[in-house]
Amino acid sequence: MEGTKKQTEYRIDCSKPAKDGVVDMGIFEGFLKSRFKVNGKAGKLEEYAIEIARDGRGIVVRARTPAKVYYGPKNKPLVWRKKSGHPQKDQRSVFGLVHFSKCYLKYLTRKYLLKHDLRNTVQVVSGGADEYRLEYYAAAEDRAE
Numbered sequence: 003m004e005g006t007k008k009q010t011e012y013r014i015d016c017s018k019p020a021k022d023g024v025v026d027m028g029i030f031e032g033f034l035k036s037r038f039k040v041n042g043k044a045g046k047l048e049e050y051a052i053e054i055a056r057d058g059r060g061i062v063v064r065a066r067t068p069a070k071v072y073y074g075p076k077n078k079p080l081v082w083r084k085k086s087g088h089p090q091k092d093q094r095s096v097f098g099l100v101h102f103s104k105c106y107l108k109y110l111t112r113k114y115l116l117k118h119d120l121r122n123t124v125q126v127v128s129g130g131a132d133e134y135r136l137e138y139y140a141a142a143e144d145r146a147e
């Protein structure tokens, strides 16, 4: 079974804390690259066609997918991997789609904030269907009033 899927892309907008020097985007990007897991393996992003990069406002996480997606048993998309040298594995897993959720990015962002003792000053807020924003707690309280 074949089909076409759009590219999965999420953004973490950390422009406000980065502008104030609270969050270092380079360290945050490195943290995401080292901790992001695909199929239970951390740090193997290029094998699974996941890209984590900085842009002007924050961090962009995208799954690069081919134009055609090949489905395996139980109609699940097959995971894209580098060629392993094994003909049957290569046939089954060269094309596919890597799924990751927006909630997983929130989880990793909160782990980063906790590790750098920023959890009490900065919070993760949804900025739309495909975006999170890092905001100060005081800004959230002003908005509620």
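Just so we're aligned, residue 3 is where the sequence shown starts under this note's numbering, counting upward by one. Glycine residues also receive a C-beta, built at the ideal position from the N, C-alpha and C atoms.
query	result
Per-residue DSSP class, three states only, for residue 95	Note that residue 95 has pLDDT 41, beneath the 50 cutoff, so the model's placement of it is unreliable and the number below is only indicative. Looking at residue 95 - three-state DSSP - the assignment turns out to be helix.
Range covered by the beta strand (DSSP E) that runs through residue 10	10 to 15
Touch test, the segment 115 to 133 against the segment 10 to 25, Cβ-Cβ under 8 Å, three pairs minimum	yes
Inter-residue Cα distance where the pair is residue 131 and residue 63	14 Å
Which listed residue (20, 23, 30) has its alpha carbon closest to that of residue 112	30
Residue 21 to residue 76 span [Cα, whole Å]	47 Å
Range covered by the beta strand (DSSP E) that runs through residue 134	133 to 138
Which of helix, strand or coil DSSP assigns to residue 130	strand
Nonlocal neighbours in the same chain, by C-beta distance under 6 Å from residue 89, ignoring five residues either side	Residue confidence is low: residue 89 scores 46 on pLDDT, short of 50, so the model does not pin down where it sits. Its coordinate-derived value is still stated next. Nothing meets the Cβ criterion.
Residue 31 - partner residues in DSSP beta bridges	Looking at the DSSP assignment, residue 31 forms no beta bridge with any residue, so it has no partner.
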